[in-house]
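Enquirer: As numbered in numbering that gives the first Met the number 0, residues 0 to 340 make up the sequence shown, in order. The beta carbon of each residue, even a glycine, is placed where N, CA and C say it ideally should be. Note that this is a predicted model, so its numbers are computed, not measured. Next up is a structure, given as structure tokens.
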Amino acid sequence: MEGEIWNFVVDWTIALASIMYCYIVGKFIPQGTTRFLALFPLLPLFFYLPLNLTTMFLCGLTFFFMTWLATFKITLFAFSQGPLASNPPLSCSQFIIAACLPIKILKTSSRIQENSKRTRKSAKDYVTKVSIFLIMIKAHGYKDFVHPLFATLIYIFIIFFMLELCLSLAAIVAQAAVGFELEPQFDEPQKATSVQNFWGKRWNLIVSSILRPMVYIPSRRIFGHVMPQKWVSVPAVFVTFVVSGIMHELIFYYLGRFHPTWEVTSFFVVNGLWVGLEIIIKKTIGQRFKLPSAIASVLTLGFVILTCSWLFFPPFLRFNPFIRSWREVMAVVEFFKDGHI
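Okay, here's the thing in structure tokens:
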């Protein structure tokens, strides 16, 4: 564990120095191809650094924060887009925090008020979520005796809670460090009324906010040259899901160091095709046929759960995430008990 923590510190020291370099480049080199070429050497570096880590928590968080989000943010920054290209410009400390952490800064007072309401609401919900989480952890021990779909529900809630916890901690760090007002990371995904609504407006909104300017909008422009504007969102959404699938496939590779099976990518391809179908139906029939919200939510969650059970969780469970996570927690406890820090 001591060697792993040392590698983690070294990796993030290099990453922070690289992000400071990005900030300086932005001050002296105008947006466009020249700035992108000046920043490009950092992109393969950010893909390499997490390979020095073997624990799920440190490697997974480093990949998500650095390899995925930071590289996408830096690429957008090269062309004066994305969260790093703020107006007025961010200070150096704000730039580093915004580049390193999975956060999105609120820019208007109305959205700040909306975020404050959601923050108060989620604070009340945490007691319920923690209670359900503890129940799910206990139920996980009986996963071999329950229906596979119920086991999938257990996995989904555990992942949701852990992801929300990590993102919330990152938001707390950002707010404490530089006083950012931040957008929420989730918006009650259990209330999604369509698969498009689930992925685009409710689940892991930080990733959605980065994929939109990085992949979706450029794809719309490209497809706009070869098809009517009415339909460009369909292939653009599909390309966005494919990119998300590839990044998730890479996360699984970094965590398990197994050869990719492309099951995770297939999961996002299937969801992308379904969202494209939803868009076509909405543009064709409009609001003439609309399911009640409760029924739509059940069907949406049912689709997500079924596709997760089919394509997402088999490769996820292949590298024994829950057993490894428990061992890593125990290793950290022993590390501190032995007085290393």
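Taking the Cβ atom as the reference point for each residue, do residue 17 and residue 44 lie within a distance shorter than 8 Å?
Expert: Taking the sequence shown and counting its residues from 1, one reaches residue 17 at position 18. Taking the sequence shown and counting its residues from 1, one reaches residue 44 at position 45. Yes, these two residues count as a Cβ contact at 8 Å.
Enquirer: Considering just the uninterrupted stretch of the alpha helix (DSSP H) at residue 204, what are its terminal residues?
Expert: Here residue 204 refers to the residue found at position 205 when the sequence shown is read from its first residue. Its alpha helix (DSSP H) spans residues 204 to 210.
Enquirer: To the nearest angstrom, report how far apart residue 12 and residue 304 are at their CA atoms.
Expert: Numbered from 1 along the sequence shown, position 13 holds the residue referred to as residue 12. Numbered from 1 along the sequence shown, position 305 holds the residue referred to as residue 304. Whole-angstrom Cα-Cα distance: 39 Å.
Enquirer: Kindly indicate which three-state DSSP category residue 171 falls into: helix, strand or coil?
Expert: Taking the first residue of the sequence shown as 1, we reach residue 171 at position 172. It is helical.
Enquirer: Can you name the start and end residues of the alpha helix (DSSP H) that residue 281 belongs to?
Expert: Indexing the sequence shown from 1 puts residue 281 at position 282. Segment 262 to 284, the alpha helix (DSSP H) holding residue 281.
Enquirer: Taking the C-alpha atoms as reference points, what is the distance between residue 103 and residue 165?
Expert: By 1-based counting over the sequence shown, the position of residue 103 is 104. By 1-based counting over the sequence shown, the position of residue 165 is 166. Roughly 15 Å between the two C-alpha positions.
Enquirer: DSSP three-state label for residue 104, please.
Expert: Taking the first residue of the sequence shown as position 1, residue 104 is located at position 105. DSSP places residue 104 in strand when its eight states are reduced to three.
Enquirer: So for residue 44, helix, strand or coil by DSSP?
Expert: The residue you call residue 44 lines up with position 45 of the sequence shown. In this structure, residue 44 counts as helix in the three-state DSSP scheme.
Enquirer: Buried or exposed: which applies to residue 58, given that a residue is buried once 16 or more other Cβ atoms fall within 10 Å of its Cβ?
Expert: Position 59 of the sequence shown, counting from 1, holds the residue named residue 58. Buried, because 16 or more other Cβ atoms sit within 10 Å of the Cβ of residue 58.
Enquirer: Using only CA atoms, which one of 21, 49, 249 lies nearest to residue 39?
Expert: Position 40 of the sequence shown, counted from the start, is the residue given in the question as residue 39. The shortest C-alpha separation from residue 39 is found at 21.
Enquirer: For residue 49 and residue 290, I'd like the C-alpha separation in whole angstroms.
Expert: Here residue 49 corresponds to residue number 50 of the sequence shown, with the count starting at 1. Here residue 290 corresponds to residue number 291 of the sequence shown, with the count starting at 1. One C-alpha to the other measures close to 45 Å.
Enquirer: So what does residue 181 bridge to, in DSSP terms?
Expert: Counting from one through the sequence shown, the residue named residue 181 turns up at place 182. DSSP output for residue 181 lists 104 as bridge partner(s).
Enquirer: Would you give the residue range spanned by the alpha helix (DSSP H) that residue 289 belongs to?
Expert: By 1-based counting over the sequence shown, the position of residue 289 is 290. From DSSP, residue 289 is part of no alpha helix (DSSP H); its letter is neither H nor E.
Enquirer: From which residue to which residue does the alpha helix (DSSP H) around residue 2 run?
Expert: As a working note, residue 2 is residue 3 in the sequence shown. Residues 1 to 27.
Enquirer: Distance, Cα to Cα, residue 238 vs residue 280?
Expert: If you number the sequence shown from 1, residue 238 lands on position 239. If you number the sequence shown from 1, residue 280 lands on position 281. Their Cα atoms are separated by approximately 19 Å.
Enquirer: Do residue 317 and residue 267 have their C-beta atoms closer together than 8 Å?
Expert: Taking the first residue of the sequence shown as 1, we reach residue 317 at position 318. Taking the first residue of the sequence shown as 1, we reach residue 267 at position 268. Not closer than 8 Å, so no.
Enquirer: In angstroms, rounded to a whole number, what distance separates the CA positions of residue 61 and residue 329?
Expert: Your numbering for residue 61 matches position 62 in the sequence shown. Your numbering for residue 329 matches position 330 in the sequence shown. Answer to the nearest angstrom: the Cα atoms are 20 Å apart.
Enquirer: Any idea what DSSP makes of residue 50, helix, strand or coil?
Expert: Residue 50 sits at position 51 when you count from the first residue of the sequence shown. Three-state DSSP puts residue 50 in a helix.
Enquirer: Mapping the DSSP letters down to three states, classify residue 255 as helix, strand or coil.
Expert: On the sequence shown, position 256 is the one that residue 255 refers to. Residue 255 falls in the helix class under three-state DSSP.
Enquirer: With distances taken from CA atoms, which of 253, 201, 35 is nearest residue 65?
Expert: In the sequence shown, residue 65 corresponds to position 66, counting from 1. With distances taken between Cα atoms, residue 65 lies closest to 253.
Enquirer: Exposed or buried, residue 99, counting other C-beta atoms within 10 Å across all chains shown (16 or more means buried)?
Expert: For the purposes of this step, residue 99 is taken as residue 100 along the sequence shown, with counting starting at 1. When all chains shown are included, residue 99 counts as buried.
Enquirer: Grouping DSSP H, G and I as helix and E and B as strand, with all else coil, what is residue 98?
Expert: Position 99 of the sequence shown, counted from the start, is the residue given in the question as residue 98. When DSSP states are grouped into helix, strand and coil, residue 98 belongs to the helix group.
Enquirer: Can you tell which of 226, 287, 81 has its C-alpha closest to the C-alpha of residue 348?
Expert: Any property of residue 348 remains undetermined from this structure, which presents the chain solely from 0 to 340.
Enquirer: Taking Cβ positions, are residue 233 and residue 285 nearer each other than 8 Å?
Expert: By 1-based counting over the sequence shown, the position of residue 233 is 234. By 1-based counting over the sequence shown, the position of residue 285 is 286. No; because the gap between Cβ atoms is not below 8 Å, this pair is not in contact.
Enquirer: Suppose you measure from the CA of residue 293 to the CA of residue 302; what does that come to, to the nearest Å?
Expert: To locate residue 293, count along the sequence shown from 1; it is residue 294. To locate residue 302, count along the sequence shown from 1; it is residue 303. Taking the straight line joining both Cα atoms gives about 14 Å.
Enquirer: With C-beta atoms as the reference, is residue 243 less than 8 Å away from residue 310?
Expert: Numbered from 1 along the sequence shown, position 244 holds the residue referred to as residue 243. Numbered from 1 along the sequence shown, position 311 holds the residue referred to as residue 310. For the pair residue 243 and residue 310, the CB atoms are not nearer than the 8 Å cut-off.
Enquirer: Whole-angstrom Cβ separation of residue 248 and residue 236, contact assumed at under 8 Å?
Expert: The residue given as residue 248 occupies position 249 in the sequence shown. The residue given as residue 236 occupies position 237 in the sequence shown. No, residue 248 and residue 236 are not in contact; Cβ-Cβ is about 19 Å, not under 8 Å.
Enquirer: Secondary structure at residue 224, three-state DSSP: helix, strand or coil?
Expert: Counting from 1 along the sequence shown, the entry for residue 224 is found at position 225. In the structure shown, residue 224 sits in coil (DSSP, three-state: anything other than H, G, I, E or B).
Enquirer: Quick check on the burial criterion: 16 or more other C-beta atoms within 10 angstroms. Buried or exposed for residue 196?
Expert: Your numbering for residue 196 matches position 197 in the sequence shown. The residue is buried, with at least 16 neighbouring Cβ atoms inside 10 Å.
Enquirer: Among 271, 157, 5, 205, whose alpha-carbon lies nearest the alpha-carbon of residue 324?
Expert: Indexing the sequence shown from 1 puts residue 324 at position 325. Taking only the C-alpha atoms, the option nearest residue 324 is 157.
Enquirer: Could you give the C-beta distance for residue 71 and residue 209, rounded to a whole number, given that I count them as a contact under 8 Å?
Expert: Along the sequence shown, one-based indexing puts residue 71 at 72. Along the sequence shown, one-based indexing puts residue 209 at 210. So it is a contact: roughly 5 Å between Cβ atoms.
Enquirer: Do residue 84 and residue 76 have their beta-carbon atoms positioned less than 8 Å apart in this structure?
Expert: Position 77 of the sequence shown, counted from the first residue, corresponds to residue 76. Position 85 of the sequence shown, counted from the first residue, corresponds to residue 84. A contact, by the Cβ cut-off of 8 Å.
Enquirer: Under three-state DSSP, which class holds residue 74?
Expert: Translated into the one-based positions of the sequence shown, residue 74 becomes position 75. In this structure, residue 74 counts as helix in the three-state DSSP scheme.
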